[in-house]
Structure formats: C-alpha cells, structure tokens
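**Q** For the sequence shown, the positions run 625 to 1133 when my numbering is used.
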Amino acid sequence: MENPFESGENRLLRPPSTAMVIFGATGDLTQRKLLPALYNLAYDGFLPTDFIVIGASRTKLSDNAFREKCKASVEEHSRRPIEESVWQDFSKRIFYQPLHATEKKDFEKLRKRLEDISLGGVDNFHFLFYLATSPNFFGPIAQNLKAVELVVDPNSEDRRTILIVEKPFGHDLQSASELNRTLQTYLDEKQIYRIDHYLGKETVQNILVFRFSNGIFEPLWNRRYIDHIQISVCESIGVGTRSKYFDETGILRDIIQNHLLQVLSLLCIEPPNSLSDADSIRDEKVKVLRALKRFSSEDIDSRTVRGQYTSGFIASEPVIGYRQEANVAQSSQTETFAALTLEIENWRWAGVPIYIRAGKRLPKRITEISVSFKPVPHSLFRGRDMPQILPNLLTIQIQPREGISFRVNSKPPGPRMRANPVVMDFLYNDSYGVRSPEAYERLLLDAMKGDATLFTRNDEIEEAWSFLEPLLDRWSSTEQPVYAYEAGSWGPSQASSLLSPLGHRWRRL
C-alpha cells in the first residue's frame, strides 16, 4: 500500500521558503520533540526547498557543536532511525546563535545572522519563531523581534511572521489575558500561534472527518441518541523532573485547561462553514466553551473530585507517593488527579452528561474518548439466559493505539436467537501500514504554511480559563478534600460518585 505521508500529492504541499528560529534551543522540548519532528519532515520531503533553522539560547555553542547535539537527540527520539543522506542534507540547514531573550543587541546579531545565512536575502523568507521558553520570556522576545524589524506587516501578501508559543499560557484568566495583551502589542493576533500538541494528533484531527464525512453519525450526534460521553487522559508516570513546576500547577491547569477542553470542543462543535478556514472551526470551538455550564459554589463538590497519588506499584514496580517526590512540599494539596462532570447548555447537548478525568500514576498510559449511545427503547431479547443488551459505544483512542472502534450487537453462530456485542475496529497502523506522524510534525508543517486551524486563538484560551476559574478559586482555598489514591489504581474511589447518580460508571480501560 502506498505510504499516504510520502505520496506525490503531499509533496506538492511543501511550504514556501521559511527561516525558523527556535528560542530555548538547548532545552528538553526542542531536543525531544521539535528537532526530531523537523528531521522527519525532511525525511518525508515536506520541508521547504529553501529552509533554515537557527537554534537560539544563552548557552555558547558553535554551529557544529549544536548539530552534533541535534543529531544525538534525533537518534534517541525520532520515530525513524537516522538515514545518513537525509541527515547530511538536513544538518546543512541547522545553525546556532547565542542569545539572551532580554538583550536587544542579541536580536540585532540574530537578524544579521539570518541575513548572512539566507541565500538571496532575508526578505525572500517567511519567519517562523518558536518560543520553547518560559512564559516569562514571551513578552521580551516579541518586543525585541519587533524592535529589529523581524515582525513583518500582518497584511502582507508576500511574507509573514508567525510566533509559536508553548503552554503554559497563563496560570489563570488574569495572567492569560495579560499575556495575550502583551503579545498583541507587538504582533497581530493572526500572527500568534498558541500550540497544543494534542490537536496535532491524527486521531484528534479525525474527529472532524469522522463526524462530517460519514452520514450515519452526524444525525445521531445529539442529546436524542447519545446517553453520555467520557474523556480520559491517563498517565502511568509520576511528575518526575517536572515536580517543582507541577506542584505550582496541578493536573487541572496542566491537562484539563488545555488538552482536554480542546478535545471536548472539537468533539461537540456545530458544523463549521468550512474545514479549510481556520476561524470557521475556531469560532465553533469557542461557542462550545462558552456553552459549558458554569460551576457554582453549591455544585462544585457534587460535580468535581480531586486526588493525589500515594506510594504504590506501577507494572509491579514500587513507586513513591507524590509528597515524597523531589521539590514537593510535605503538606502539598496539589491535585494529581481530577474528575469533573460537565454539561453543554445548548440545543444539541442539553442534558447529556460529559465525564472527564485526568491523572498521574494510574495503571497505564491511555487517552480515550467514549461516546455511549442510548439503549434501545424496548428490548426484545429478554429471558433467563439472555445477557443484558449493551448500548452501542463509539470509542476514539488517541494514544497509545490510535484508532476508532464501534460496538454493535450481533447474533452469534448457533441455534439460539440472542444478541452479543461485537466491535468493529479501525487502527491507523493496520489500515495504512504506516506509523502516524508525530503531532509536532503536523503542527510545524501547518505553521510553515500559515494554517492556524490546529492552533488556539486568544478567545479560546480565555474562555477555557474563565470556565475553570470558580473551580481553581475553590481548590486554592483547600476547602474541598484532596483524596488519596494508591499509585497503580484508577484514582480515588470518590470519583465514581460523579457517575453513580445516573447509573453510569467509568469505562474499564
């Protein structure tokens, strides 16, 4: 079968000439994700014909030293082994420039370096600036890029400047709004690409294709036929080297505010005017976030549960509890697990409970959406030896096995008339015979093309923070208990109480 990621048609979709600068180039994100993604784009022939990437950070390195560091990272983290001919061509495009984010003179040197490297002059390139740094540096970097005229006119038809910023984007609504205003002082909103790598995952993108290209599902995608929805983001790892950051953040800010609410908004949007227009899709996503039923002081306890892992076992290996992790306070109230009951107050979804959960030190790593349809109104398959008829269930697994499955009921072989559940599976690896590209590959490629569809807009960010603000305020007061759960379990037992009033239970993953 032809590899869909290497087809001649896709090779025609190469972006225009691009000069990329990665701020924070010696950091973990750049080395583990960005450089392997760029290498794989080069391997597949997707990089622009004229492409350069400059790594920038405070560390003093030569071009060759940086290239060697990049090669080691690609060898360790790429989904493909290095092919020497591809690497030789790719490495010629890699450069390095020492830089302090707050020093304007360093940005003048950066501009000079871009001019020296760019064949035909820097004016022939689109600029792509990736901020793989602490948010504290977002403002100074944007200011200095503007000061040295590396931010082009946002209305130019010939060139563009795109600034990609990583999470965390704010710590709450106020800080997110302030950060938006700061960036918009120096760039137009359409030049700012806020990245959420979950939106680059193939299965997440497939939500739109699945809904809007299959006539059998969209007519059923509403409160008349859907009983409830569950979204789970489960990790078996602990906080690891991110303990200091995580103890100031928690799972609500780290996973739910961004990844999980973004997935939810795609799952529940109204049909956009166009799938080829970024703002058509993002307009509809914002409407979903605005329609989420807000938390009140009276119902927070009945709609939310938070927990923190204690010592236990993961894959039969002992692991320490959260409060024993380095840089975590012994009295920490930071949640490593959160479960919420949500409702979307609009015509399509009113009355459909949406259960979401995210946690660390759970039994395994899995991210899954499950859509449970309503049971048949009257079962004809009743009797002493008849098993309960299970409702239809659509499951979208985002990781680790990317795919979609649909549970239906069917008669098994034999003389008796009965109904048993069977599952129809679609798995990417089986259907296409190729491993899906990493999320950052798709997102970097889209950014080079100037396609903002899979990046979040300022109003999306602020609506998500606005929705969670009452919950963050309540949890910061420590009035609501932080329930302990053993590492290797599925979270605190109290999380089941969110589902039990309606007779639901968490899916066994």
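Glycine included, every Cβ here is placed at the ideal spot set by N, Cα and C.
Classify lysine 729: buried if its beta carbon has 16 or more other beta carbons within 10 angstroms, exposed otherwise.
**A** By the neighbour-count rule (16 or more Cβ atoms within 10 Å), lysine 729 is not buried but exposed.
**Q** Answer with buried or exposed for glutamine 1134, where buried requires no fewer than 16 other C-beta atoms within 10 angstroms of its C-beta.
**A** With the chain covering 625 to 1133 only, the question about residue 1134 has no answer from this structure.
**Q** Helix, strand or coil for arginine 981 per DSSP?
**A** Looking at arginine 981 - three-state DSSP - the assignment turns out to be strand.
**Q** Can you have a look at threonine 673 and say buried or exposed, based on whether 16 or more other CB atoms are within 10 angstroms of its CB?
**A** It counts as exposed.
**Q** Just verifying my parser: in three-state terms, what is the DSSP assignment at alanine 1088?
**A** DSSP places alanine 1088 in helix when its eight states are reduced to three.
**Q** Inspect the beta-carbon positions of glycine 824 and lysine 984 and report whether they are closer than 7 Å.
**A** Not closer than 7 Å, so no.
**Q** Report the three-state DSSP secondary structure of threonine 809 (helix, strand or coil).
**A** Three-state DSSP puts threonine 809 in a helix.
**Q** Please list, in chain order, all residues of the same chain as aspartate 1083 whose beta carbon is under 7 Å from its beta carbon, the five residues on each side excluded.
**A** Once the five neighbours on either side are set aside, the close Cβ partners of aspartate 1083 are Val910.
**Q** Pull up the DSSP beta-bridge partners for leucine 803, would you.
**A** In DSSP, leucine 803 forms no bridge with anything.
**Q** Tell whether a beta-carbon distance below 7 Å holds between alanine 963 and valine 929.
**A** Cβ distance < 7 Å, so alanine 963 and valine 929 count as in contact.
**Q** Counting only the same chain and skipping the five closest in sequence on each side, list residues whose C-beta sits under 6 Å from that of serine 904.
**A** Excluding sequence neighbours, serine 904 sits near Pro896, Asn897 and Ser898.
**Q** Run through DSSP, which three-state label would glutamate 894 get?
**A** Correct three-state label for glutamate 894: coil.
**Q** Can you tell which of Lys695, Ile1013, Val995 and Glu1110 has the C-alpha that lies nearest to the C-alpha of serine 1003?
**A** Of the listed residues, the one whose Cα sits closest to serine 1003 is Ile1013.
**Q** Using the Cα positions of serine 1090 and valine 828, report the straight-line distance between them to the nearest angstrom.
**A** Approximately 24 Å, taken between the alpha carbons.
**Q** When the Cα atoms are used, what is the spatial distance from proline 628 to phenylalanine 1030?
**A** Confidence at proline 628 is low in this model, with a pLDDT of 43, below 50, so its placement is unreliable and the value that follows should be read with caution. Approximately 24 Å, taken between the alpha carbons.
**Q** Could you have a look at aspartate 871 and say whether DSSP puts it in helix, strand or coil?
**A** DSSP places aspartate 871 in helix when its eight states are reduced to three.
**Q** Just how far apart, CA to CA, sit arginine 1129 and proline 1015?
**A** Going by the C-alpha atoms only, they are around 14 Å apart.
**Q** Could you have a look at glutamate 626 and say whether DSSP puts it in helix, strand or coil?
**A** Only weak support is given to the placement of glutamate 626: the predicted model assigns it a pLDDT of 43, under 50, and the question is left unresolved by the model.
**Q** Put serine 994 into one of helix, strand or coil per three-state DSSP.
**A** Looking at serine 994 - three-state DSSP - the assignment turns out to be strand.
**Q** Whole angstroms is fine: what's the gap from glutamate 700's alpha carbon to proline 1045's?
**A** Those two C-alpha atoms are separated by around 42 Å.
**Q** Among Ile831, Arg847, Pro640 and Cys694, which has the Cα closest to the Cα of glutamine 655?
**A** For the residues Ile831, Arg847, Pro640 and Cys694, the minimum Cα distance to glutamine 655 belongs to Cys694.
**Q** Would you check if the distance between the CB atom of isoleucine 765 and the CB atom of isoleucine 676 is smaller than 7 Å?
**A** Not a contact, by the Cβ cut-off of 7 Å.
**Q** Give the straight-line distance between the Cα atoms of asparagine 1053 and valine 857, rounded to the nearest whole angstrom.
**A** Straight-line Cα distance between these residues: approximately 22 Å.
**Q** Give me the residue from Ile879, Leu738, Leu832 and Thr1077 with the minimum Cα distance to alanine 680.
**A** Of the candidates Ile879, Leu738, Leu832 and Thr1077, the one whose C-alpha sits nearest the C-alpha of alanine 680 is Leu738.
**Q** Is it the case that the Cβ atoms of alanine 725 and tyrosine 1064 are separated by a distance below 7 Å?
**A** Not in contact: alanine 725 and tyrosine 1064 (Cβ atoms no closer than 7 Å).
**Q** Strictly by DSSP, which residues pair up with proline 1105?
**A** Answer by DSSP bridge pairing: none, since proline 1105 is not bridged.
**Q** Identify, in the order they occur along the chain, each residue of the same chain with its Cβ nearer than 8 Å to the Cβ of asparagine 748, setting aside the five sequence neighbours on each side.
**A** Contacts found: Ser641, Asp674 and Ser742.
**Q** For serine 787 versus isoleucine 819, is the C-beta spacing smaller than 7 Å?
**A** Reading off the sequence shown, one finds leucine at residue 787, where the question assumed serine. Not closer than 7 Å, so no.
**Q** In chain order, what are the residue ranges of uninterrupted beta strand (DSSP E) at least 3 long that sit wholly in the stretch 1011 to 1072?
**A** Here the runs fully enclosed are 1017 to 1023, 1027 to 1034 and 1044 to 1051.
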